[in-house]
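Residue numbers (this note's numbering): 11 to 236.
Quick look at the structure:
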């Protein structure tokens, strides 16, 4: 009988919950007035996309033959769960004022952790102790902040193309004026920077204490299935 690893069990559980949420939202849409069905079915579609996002580590494993550390995979799955299923599906973005900011700081810390993992993967073990910890921390911090900037590019682009309001430049259908229109975007960037700096500082402290810490969080070659 095949034994499943801890991270596989976590993934199966989250995928199962995600599928149930998707089915439930689709089922609800069947009994709504036709004027509201479109929005409900689109919400169910977003939940389905969330389920597919849970398989991104598996896709990377299949395409590049590398596997993320268990800790990063679990943090990624939890981020998707809270961003898509809880945030979008159950409208926590509207119910909890700072939900978006909490996700921004967690995503920036996750991306900074990913940067450390990439460094551990591509730098030879015998060279790790020869590079000053501040260099690792600066790279990881800049990586995390840069990903946050790219996300704001994405929001700006699709706000323009699809008439969305992801950057919160409008309130109640009316465009904000001056600095008010910048608050959400700049707040997101500040939070991204804060999360990246915090985790970069943690990584610096870990490497200072143990120069081979990067080796413990590196990506590793995926084992071939028998």
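Ideal placement from N, C-alpha and C gives every residue a C-beta, glycine not left out. Note that the structure is predicted; figures quoted are calculated from it, not measured.
Contact the segment 155-167 vs the segment 201-212: 3+ CB pairs below 8 Å:
Enough Cβ pairs lie closer than 8 Å, so yes.
Just mark residue 144 as buried or exposed, buried being the case when its beta carbon has 16 or more other beta carbons within 10 Å.
Translated into positions along the chain shown, residue 144 becomes position 134. Exposed.
Expressed to the nearest angstrom, what Euclidean distance is found between the alpha-carbon atoms of residue 177 and residue 147?
Locating residue 177 in the chain shown gives position 167, counting from the first residue. Locating residue 147 in the chain shown gives position 137, counting from the first residue. Cα to Cα, residue 177 sits roughly 29 Å from residue 147.
In the DSSP assignment, the alpha helix (DSSP H) including residue 179 goes from what residue to what residue?
Stepping through the chain shown from its first residue, residue 179 is reached at position 169. From DSSP, residue 179 is part of no alpha helix (DSSP H); its letter is neither H nor E.
For residue 230, the residue or residues it bridges with in DSSP
Locating residue 230 in the chain shown gives position 220, where the first residue counts as 1. Residue 230 is bridged to 77.
Please say whether residue 53 and residue 104 have beta carbons closer to each other than 8 Å?
By 1-based counting over the chain shown, the position of residue 104 is 94. By 1-based counting over the chain shown, the position of residue 53 is 43. Contact: no.
Residue interval of the alpha helix (DSSP H) (run including residue 164)
Here residue 164 refers to the residue found at position 154 of the chain shown. Residue range 143-172 is occupied by the alpha helix (DSSP H) that includes residue 164.
I think residue 121 touches residue 153, with their Cβ atoms under 8 Å apart; what is that distance to the nearest whole Å?
By one-based count along the chain shown, residue 121 stands at place 111. By one-based count along the chain shown, residue 153 stands at place 143. Taking C-beta atoms under 8 Å as the contact rule, residue 121 and residue 153 qualify, at a distance of about 7 Å.
Quick check: the segment 167-176 against the segment 112-129, are at least 3 beta-carbon pairs closer than 8 Å?
Judged by Cβ distances under 8 Å, the segment 112-129 makes no contact with the segment 167-176, as fewer than three pairs qualify.
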